[in-house]
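Protein chains: 4
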Amino acid sequence: MTREPKTKAALIEAAIKIFEQKGFQHARVSDIVSAAGVAQGTFYIYFRSKEEIFRESCNGFINQIKEMFIQRTKHLFDGDTADEIIRNLYQVVSDIIDIYQKNLAVAGLLFREGIGNGRLFKEIYEDILSIFLSLIEEQIKKAMSKGFMSIEDTEIASVLLFGLFERSLFYFMLIHQKTDISKLKRIIVDFVLKALSFDYNNQCASMPPIS
Amino acid sequence: MTREPKTKAALIEAAIKIFEQKGFQHARVSDIVSAAGVAQGTFYIYFRSKEEIFRESCNGFINQIKEMFIQRTKHLFDGDTADEIIRNLYQVVSDIIDIYQKNLAVAGLLFREGIGNGRLFKEIYEDILSIFLSLIEEQIKKAMSKGFMSIEDTEIASVLLFGLFERSLFYFMLIHQKTDISKLKRIIVDFVLKALSFDYNNQCASMPPIS
Amino acid sequence: MTREPKTKAALIEAAIKIFEQKGFQHARVSDIVSAAGVAQGTFYIYFRSKEEIFRESCNGFINQIKEMFIQRTKHLFDGDTADEIIRNLYQVVSDIIDIYQKNLAVAGLLFREGIGNGRLFKEIYEDILSIFLSLIEEQIKKAMSKGFMSIEDTEIASVLLFGLFERSLFYFMLIHQKTDISKLKRIIVDFVLKALSFDYNNQCASMPPIS
Amino acid sequence: MTREPKTKAALIEAAIKIFEQKGFQHARVSDIVSAAGVAQGTFYIYFRSKEEIFRESCNGFINQIKEMFIQRTKHLFDGDTADEIIRNLYQVVSDIIDIYQKNLAVAGLLFREGIGNGRLFKEIYEDILSIFLSLIEEQIKKAMSKGFMSIEDTEIASVLLFGLFERSLFYFMLIHQKTDISKLKRIIVDFVLKALSFDYNNQCASMPPIS
DNA sequence: AATGAATGAGTGTTCATTCAT
DNA sequence: GATGAATGAACACTCATTCAT
Chain V
39 MTREPKTKAA LIEAAIKIFE QKGFQHARVS DIVSAAGVAQ GTFYIYFRSK
89 EEIFRESCNG FINQIKEMFI QRTKHLFDGD TADEIIRNLY QVVSDIIDIY
139 QKNLAVAGLL FREGIGNGRL FKEIYEDILS IFLSLIEEQI KKAMSKGFMS
189 IEDTEIASVL LFGLFERSLF YFMLIHQKTD ISKLKRIIVD FVLKALSFDY
239 NNQCASMPPI S
Chain F
39 MTREPKTKAA LIEAAIKIFE QKGFQHARVS DIVSAAGVAQ GTFYIYFRSK
89 EEIFRESCNG FINQIKEMFI QRTKHLFDGD TADEIIRNLY QVVSDIIDIY
139 QKNLAVAGLL FREGIGNGRL FKEIYEDILS IFLSLIEEQI KKAMSKGFMS
189 IEDTEIASVL LFGLFERSLF YFMLIHQKTD ISKLKRIIVD FVLKALSFDY
239 NNQCASMPPI S
Chain G
39 MTREPKTKAA LIEAAIKIFE QKGFQHARVS DIVSAAGVAQ GTFYIYFRSK
89 EEIFRESCNG FINQIKEMFI QRTKHLFDGD TADEIIRNLY QVVSDIIDIY
139 QKNLAVAGLL FREGIGNGRL FKEIYEDILS IFLSLIEEQI KKAMSKGFMS
189 IEDTEIASVL LFGLFERSLF YFMLIHQKTD ISKLKRIIVD FVLKALSFDY
239 NNQCASMPPI S
Chain Y
39 MTREPKTKAA LIEAAIKIFE QKGFQHARVS DIVSAAGVAQ GTFYIYFRSK
89 EEIFRESCNG FINQIKEMFI QRTKHLFDGD TADEIIRNLY QVVSDIIDIY
139 QKNLAVAGLL FREGIGNGRL FKEIYEDILS IFLSLIEEQI KKAMSKGFMS
189 IEDTEIASVL LFGLFERSLF YFMLIHQKTD ISKLKRIIVD FVLKALSFDY
239 NNQCASMPPI S
């Protein structure tokens, strides 16, 4: 386990704070270092540039979501009843939102500042996009093979799902921060399943009482 | 009606081209004026700042979509059969995508560069968001009152729909420009209607053969 | 005739002064612009970089010497008596030294600062070197063909002459500024002619009383 | 006699290599230490500054030439025939060139980088200049007193000789490395002697067959 | 309306040097 | 002696904006 030096962690923490406050463009490296309590030059021991610390600042969040998603979806369709699958899906949605909430500052960075700024965008946002699109598509295909749903074009469906997720979290977490989160989770699951022509069968698809 | 002077139009055209090439941040006013074939100072006769020309560059596109949307949705639920509504909705989706396609450069500006960049974002993107969210929500309420669908929370539904639209067009028009557009239109309509628990009734909801 | 803008000339003049005082490395662009009485940004209208103004500062001097040399040596060996040639050569030497003296600051720049500083050196000094070596060699060959001297290797001779000139002017003009210049001119001519086995014949090679 | 510690020697060796590659200005202390395989801080145990290691890097070469010159010229005019003196002078020239060749990297440093760079120049180059000028002048006076030559101004003559030597070695060793060295040695001796009005008498001044 | 030379505030980055371990 | 993380002063260069013509 390579211990991240304290200084680097302090710089990242400071960077997130400053980027959030001023936006990427208006954040000065000098703001970051003074917030981190280190000297100007120290910054360049750990980061090649302001862009690099931006990227690294986003990584923790991206990786958390990615890993969680991969873990949680492994057994998403292991159950055989619709009910089980609904519960599983709810869990995934719930976890994504929780991670989003715990990393609100970074999420803001990523979806507000990361998009735009030319170079940064291409490397960060489009990466995330392609990673999640393939993860989502994989799950849809699995669901289809298990007979839970029938979709004409899995790529298009994945993109629609991604967009629906990304922008709604962006809106409700960052712009309009007042919604009842557990209601949001429930509605998203329902919306998604219906949109994907999920076969609710004759089972009573009651939402789980999970927080 | 004062016609836009030639010079101003040339500047906007040049700005779109340069913003598209280099992104807002890296586009220089000097790039824009030299692309437009006018002098530095001329720029400031027509625009107060680089931000202003950015905003004005986006306006045509935003207004086209907004006006079309308002016109087309006026009679969206005037029909009484599901089939008519499906046709109407398809028309709206189709028109949005067509306008998007005709303004690809500006759409790219708006959804790539407009998001982010602090000040610009707040003023442009969140404006669009709130305008479209209320327009969408209004339609959903109309649909509910006509008995075509039943939605738990119309605000959340609007946000989900907006996100689904915005990001999917962004993806298929700007990043991954190879999808069969008419198929995309059809699938979006279907996806949206299912997600909104649209009551297809016992009618044969065949998609119209419209281009 | 393209008029050099006043501002550019002022910048070059200021640059020469500042470079002379502080050396290339320690001269700040801000020193130069404030000496020239213009704004920081104005510098970059006329020069791409600090290096570029250095190069341009040297050009006037280099070109003066080069043109004079070419003009003066055209008829260097037109005379048929040794005496005439000695007079002509004296004229060349004298003119070089006069130009050197009139451009002492720039000459100092070139031979003190221009050598070294990696990139600058290669482009400026070695250019001058090759230009003058070929000009000198050409003259030596002419002198040989006219029978005034007999040299084993004209390239080596040119290099020796160039070095002898360059360093002695450097020394007597810039380091040790107290020598009797007309004596120096006379001795250089004599030194050079002897070194090149010039055939003084039986003529009385009295130096001309030219200033 | 305290032997130079290994580390110091490694640093000097590395410094010469890096200075040669990048030039003094662009050589970083960090380049030198990493080439020497030691830590940043170690550098400052042995050298007060980047300038100091530059100076020390040049010292070996300068001292070698100086010592050789002093030794070899002790008996330069001990012989009474011109032939002996020619042989002796050839030996000096030959030894200088050999030392130059064995220290090509350092010689390059000194004559490319050492000149220029303000402070460094004054302390290093002008030192060398004055040392060698006095050594040369001393020899010329000795030669005059022995009746081998007759010179109007020994200082000017010394400067001319120094320049001729320095620049020609610089040129043929560092810029244009293809000349026949033994030919160069022979021609320099001849050039110098003629320039100094050396009295070849009626002796057969055959060059020695030394390599 | 148009010009384009001039402005000058703003900042990312470098790197020689230090010092606690 | 050796380390290497930390320092922080220093500066070239950019470019949106202005304004006299």
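Protein chains in written order, with this note's numbering: chain V, 39 to 249; chain F, 39 to 249; chain G, 39 to 249; chain Y, 39 to 249. Where is the CB? At the ideal position from N, CA and C, for every residue including glycine.
Check: Inter-residue spacing [alpha-carbon to alpha-carbon] between D191 of chain G and D218 of chain Y; Outcome: 11 Å
Check: Contact set between S235 of chain F and chain V, taken where Cβ atoms lie within less than 8 Å; Outcome: K232
Check: Short CB-CB distance (under 8 Å) between Q177 of chain F and chain V; Outcome: no
Check: K179 of chain G versus L202 of chain G: straight-line alpha-carbon distance, rounded; Outcome: 19 Å
Check: Of the listed residues F:F107, F:T80, F:F85, F:V71, nearest to I166 of chain F (C-alpha basis); Outcome: F:F107
Check: Reduced DSSP category for I189 of chain V - H, G, I as helix; E, B as strand; rest coil; Outcome: coil
Check: Contacting residues, own chain, Cβ-Cβ under 6 Å from I226 of chain Y (five flanking each side not counted); Outcome: V131
Check: CB contact below 8 Å: M245 of chain G versus chain Y; Outcome: Residue placement at M245 of chain G cannot be trusted, given a pLDDT of 48 that sits under 50; what the coordinates show is reported in the next sentence. No, because no Cβ of chain Y sits closer than 8 Å to the Cβ of M245 of chain G.
Check: Beta-carbon neighbours of S206 of chain V, restricted to chain F and to distances below 7 Å; Outcome: V197, L198, G201
Check: Three-state secondary structure assigned by DSSP to D237 of chain F; Outcome: coil
Check: 9 Å Cβ cut-off: residues of chain G touching I194 of chain Y; Outcome: S206, F210, T217, K221, L222, I225, I226, F229
Check: Per-residue burial, N141 of chain F [other beta carbons within 10 Å of its own, 16 or more giving buried]; Outcome: buried
Check: DSSP three-state assignment for T76 of chain V, whether helix, strand or coil; Outcome: Going by the sequence as given, residue 76 of chain V is Val instead of Thr. Note: V76 of chain V maps to coil in three-state DSSP.
Check: The alpha helix (DSSP H) enclosing T253 of chain G, as first and last residue numbers; Outcome: What the structure shows of chain G is the stretch from 39 to 249, and residue 253 of chain G is not part of that stretch, so it cannot be assessed.
Check: Where the alpha helix (DSSP H) through G146 of chain Y begins and ends; Outcome: 142 to 146
Check: Beta-carbon contacts of I56 of chain V that lie in its chain and below 7 Å, excluding the five residues immediately before and after; Outcome: A65, D69, I70, A73
Check: Cβ contact (3+ pairs, closer than 8 Å) linking the region 46 to 53 of chain G and the region 90 to 107 of chain G; Outcome: yes
Check: Inter-residue spacing [alpha-carbon to alpha-carbon] between Q78 of chain G and N101 of chain G; Outcome: 29 Å
Check: Buried versus exposed call for I83 of chain G [16 or more other C-beta atoms within 10 Å across all chains shown]; Outcome: exposed
Check: Minimum Cβ-Cβ distance from D136 of chain V to chain F less than 8 Å; Outcome: no
Check: Opening and closing residue of the alpha helix (DSSP H) in which M270 of chain F lies; Outcome: Absent from the structure is residue 270 of chain F, since the part of chain F shown begins at 39 and ends at 249.
Check: Between the CA atoms of E105 of chain Y and L49 of chain V - distance to the nearest angstrom; Outcome: 56 Å
Check: Beta-carbon spacing of F210 of chain F, V197 of chain V below 8 Å; Outcome: yes
Check: CA-to-CA distance, F170 of chain G to R224 of chain Y, given in whole angstroms; Outcome: 24 Å
Check: Cβ pair A143 of chain F, E58 of chain F closer than 8 Å; Outcome: yes
Check: Cβ shell of S87 of chain V (< 8 Å), same chain only, five flanking positions each side left out; Outcome: none
Check: Beta-carbon gap between Q63 of chain F and T111 of chain F smaller than 8 Å; Outcome: no
Check: Cα-Cα separation, V76 of chain V to S168 of chain V; Outcome: 37 Å
Check: CB contact below 8 Å: Q241 of chain Y versus chain G; Outcome: Because Q241 of chain Y sits at a pLDDT of 44, beneath the cut-off of 50, its placement in the model cannot be relied upon, and the point is left open.
Check: Alpha-carbon spacing of V67 of chain G relative to Y163 of chain G, whole angstroms; Outcome: 23 Å
Check: Same chain, Cβ closer than 6 Å to N126 of chain F, neighbours up to 5 away in sequence not counted; Outcome: L114
Check: Beta-carbon proximity of I137 of chain F to I103 of chain F, cut-off 8 Å; Outcome: yes
Check: Cβ shell of I248 of chain V (< 6 Å), same chain only, five flanking positions each side left out; Outcome: For I248 of chain V, the predicted model reports a pLDDT of 45, less than 50, meaning its position is unreliable and no value from the coordinates is stated.
Check: Three-state secondary structure assigned by DSSP to V117 of chain V; Outcome: Before going on, a small fix: residue 117 of chain V reads as Gly here, not Val. Here G117 of chain V sits in coil by DSSP.
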